[in-house]
Amino acid sequence: MRAGGILKLAALVSVFFLAVFLAFQLLEINMDFNLGNVFATRLEHYKCGLSKPCPEGHFSFKMASGAASVVGPKICLEDNILMSGVKNNVGRGINIALVNGKTGDLIKTDHFDMWAGDVNTLITFLKTIEEGTVVMMATFDDSASKLNDESKKMIGELGSSSISTLGFRDNWIFVGGKGIKTKSPFEQVTSIPPLLKYLSSLTWFVHIFSFLVCSHGTFSPLPVEISRLQWSTADGTLSIEIPFLMIQIHFLALS
Numbered sequence: 001m002r003a004g005g006i007l008k009l010a011a012l013v014s015v016f017f018l019a020v021f022l023a024f025q026l027l028e029i030n031m032d033f034n035l036g037n038v039f040a041t042r043l044e045h046y047k048c049g050l051s052k053p054c055p056e057g058h059f060s061f062k063m064a065s066g067a068a069s070v071v072g073p074k075i076c077l078e079d080n081i082l083m084s085g086v087k088n089n090v091g092r093g094i095n096i097a098l099v100n101g102k103t104g105d106l107i108k109t110d111h112f113d114m115w116a117g118d119v120n121t122l123i124t125f126l127k128t129i130e131e132g133t134v135v136m137m138a139t140f141d142d143s144a145s146k147l148n149d150e151s152k153k154m155i156g157e158l159g160s161s162s163i164s165t166l167g168f169r170d171n172w173i174f175v176g177g178k179g180i181k182t183k184s185p186f187e188q189v190t191s192i193p194p195l196l197k198y199l200s201s202l203t204w205f206v207h208i209f210s211f212l213v214c215s216h217g218t219f220s221p222l223p224v225e226i227s228r229l230q231w232s233t234a235d236g237t238l239s240i241e242i243p244f245l246m247i248q249i250h251f252l253a254l255s
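First residue of the sequence shown: 1, per the UniProt record's numbering; consecutive thereafter.
Here it is in structure tokens:
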């Protein structure tokens, strides 16, 4: 087989797997499975698609950033989808879910266009966040172009370390809180090579981040890095221990 034929075959295989992956994301089908589960007599369902249940009195979270400009971000809390493309409450820019740090109740969600929108709407939103609120953020497409020093400072005060260097079309996911006294370890950012940021829609370059989260205790659903964070709030101390899993998937279909 000629080299050109091999390249075409590789491109077709890449496009096929990308199409399957996007179909799973758009239909919000749980992809956390293995062969053992396929042949099991009874399939177990755990909150937010985690591989194991969180202990009693804990919160289960799962978050994923947007995939390029194709698939929107998804935020799950206690088996309830807070934000997703199917719910039609995500958009280009920074997507935010606010959660009561003690009860786990959803306070509100919103998204802010940082390409064509007004950063002042984001700043106004950030000013309304109350002490003890858990702040969950995920990007979709461009989330940095309109950010200014004030907005970056406010997000930094929620525990972000990467917001000051977030670039055009970088993929970023973050869990922080109002009243935090230290930087949050629950943050990941990746930069797409500059050339790929401007390539046509015939080129796909997908980055996916996932957080598997259990708060208020110790739980490790997978053999992954464990991080701890204590937040000093106005009405006490909120302790969170979060198993962290980053899934970084790259599909490249050459035009």
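Glycine included, every Cβ here is placed at the ideal spot set by N, Cα and C.
Is M137 closer than 8 Å to I81 when the C-beta atoms are compared? As a working mapping, residue 81 is identified with position 81 in the sequence shown. As a working mapping, residue 137 is identified with position 137 in the sequence shown. Cβ distance not < 8 Å, so I81 and M137 don't count as in contact.
Grab the span of the alpha helix (DSSP H) containing D149 for me, first residue to last. The count along the sequence shown starts at 1 and reaches residue 149 at position 149. Going by DSSP, D149 is part of the alpha helix (DSSP H) stretching over D149 to G156.
Is the CB-CB distance between I96 and D113 below 8 Å? To locate residue 96, count along the sequence shown from 1; it is residue 96. To locate residue 113, count along the sequence shown from 1; it is residue 113. Taking 8 Å as the Cβ cut-off, I96 and D113 do not qualify as a contacting pair.
May I have the straight-line CA-CA distance separating P55 from A116, to the nearest angstrom? Walking along the sequence shown from the start, residue 55 turns up at place 55. Walking along the sequence shown from the start, residue 116 turns up at place 116. Taking the CA atoms as reference points, P55 sits about 43 Å from A116.
Taking I163 as part of the beta strand (DSSP E), name the residues at either end of that continuous run. By 1-based counting over the sequence shown, the position of residue 163 is 163. No beta strand (DSSP E) holds I163; DSSP gives it neither H nor E.
What does the alpha-carbon distance come out to for the pair K47 and L126? In the sequence shown, the residue the question calls residue 47 occupies position 47. In the sequence shown, the residue the question calls residue 126 occupies position 126. Taking the straight line from one Cα to the other gives about 29 Å.
State the beta-bridge partners of G167 as determined by DSSP. Mapped onto the sequence shown, residue 167 falls at position 167. Paired residues: none, contrary to the question.
Looking at the structure shown, is G177 part of a helix, part of a strand, or coil, going by DSSP? Here the question's residue 177 lines up with position 177 in the sequence shown. DSSP, reduced to helix, strand and coil, places G177 within a strand of the structure shown.
Close-in-space but distant-in-sequence residues of the same chain around C76 (CB under 6 Å, 5 per side omitted): As a position in the sequence shown, residue 76 is number 76, starting the count at 1. If we look at C76 and ignore the five residues flanking it on each side, its Cβ neighbours are C48 and K62.
Only counting the same chain, and skipping five residues up and downstream in sequence, which positions put a Cβ closer than 6 Å to that of I155? By 1-based counting over the sequence shown, the position of residue 155 is 155. Cβ within range, chain order: I163.
Check whether K108 and L98 have beta carbons under 8 Å apart: Taking the first residue of the sequence shown as position 1, residue 108 is located at position 108. Taking the first residue of the sequence shown as position 1, residue 98 is located at position 98. Contact check for K108 against L98 passes: the beta carbons are separated by less than 8 Å.
May I ask you to report which of helix, strand or coil DSSP gives N120? Here the question's residue 120 lines up with position 120 in the sequence shown. Under the three-state reduction of DSSP, N120 is assigned to helix.
Give me the Cβ distance between V134 and G177, rounded to the nearest whole Å; I'm assuming they're in contact under 8 Å. Locating residue 134 in the sequence shown gives position 134, where the first residue counts as 1. Locating residue 177 in the sequence shown gives position 177, where the first residue counts as 1. With a contact defined as Cβ atoms closer than 8 Å, V134 and G177 qualify at about 5 Å.
Near E130, which residues of its chain fall below 7 Å by C-beta distance, leaving aside the five closest residues on each side in sequence? Within the sequence shown, numbered from 1, the residue matching residue 130 stands at position 130. So the qualifying residues of the chain are K178.
What is the C-beta distance between T139 and P73, in whole angstroms, given that I count them as a contact (C-beta under 8 Å)? Position 139 of the sequence shown holds residue 139. Position 73 of the sequence shown holds residue 73. Contact flag correct, Cβ pair sits at about 7 Å.
Going by the CB atoms, is the gap between S60 and L50 shorter than 8 Å? Position 50 of the sequence shown, counted from the first residue, corresponds to residue 50. Position 60 of the sequence shown, counted from the first residue, corresponds to residue 60. In contact: L50 and S60 (Cβ atoms closer than 8 Å).
If K102 sits next to G132, beta carbons under 8 Å apart, how far is it from one beta carbon to the other, in whole angstroms? Here residue 102 refers to the residue found at position 102 when the sequence shown is read from its first residue. Here residue 132 refers to the residue found at position 132 when the sequence shown is read from its first residue. Between K102 and G132 a beta carbon distance of about 7 Å is seen, short of the 8 Å cut, so the two are scored as contacting.
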